[in-house]
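In the working numbering, the protein residues as written are 3 to 115.
In this text, a Cβ means the ideal position worked out from N, Cα and C, and glycines have one as well.
Since this is a predicted model, take the numbers as computed values, not measurements.
Put into structure tokens, the structure is as follows:
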């Protein structure tokens, strides 16, 4: 099985539970006076389920958060582009109004003379 083809949350789960399993076996083998070896596989399976579920939901929420941040950044960029377009349009409108007012004022001054 290719290790890198697995999703990241599965790889993390397997590495964490693998380390926990080694520690559990070492503890039961060297420090526990009366180890119950029948429970070790059950404990490992329960650890796989618990850590796997936590890891899956953690990575899923991180992915959702990342997508939300990307959408927010894209929306901000789009808003900036729209504001720039509005500013350019307003400048053009102001220049046209200024030119029209200047022509009107000049025509009004010529009529007075």
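Nonlocal neighbours in the same chain, by C-beta distance under 6 Å from residue i, ignoring five residues either side
| i | result |
| --- | --- |
| residue 22 | 49 |
Proximal residues to residue i (C-beta, below 8 Å), its chain only, five neighbours per side dropped
| i | result |
| --- | --- |
| residue 10 | 61 |
Where residue i falls: helix, strand or coil (DSSP)
| i | result |
| --- | --- |
| residue 43 | helix |
| residue 4 | coil |
Residue j beta carbon less than 9 Å from that of residue i
| i | j | result |
| --- | --- | --- |
| residue 14 | residue 63 | no |
| residue 54 | residue 12 | yes |
Nearest-angstrom beta carbon gap, residue j and residue i [assumed within contact, 8 Å]
| i | j | result |
| --- | --- | --- |
| residue 30 | residue 42 | 7 Å |
| residue 16 | residue 45 | Wrong, their Cβ atoms sit about 16 Å apart, outside the cutoff. |
Cutoff 9 Å: residue i Cβ touching any chain D Cβ
| i | result |
| --- | --- |
| residue 87 | No chain D appears in this structure, which consists of one protein chain only. |
Chain-order list of residues whose beta-carbon lies under 7 Å from that of residue i (same chain, five-residue window excluded)
| i | result |
| --- | --- |
| residue 5 | 13 |
Query - Sequence ranges, alpha helix (DSSP H) only - wholly within the region 10-59, length at least 4 - result: The region 10-59 contains these whole alpha helix (DSSP H) runs: 10-32.
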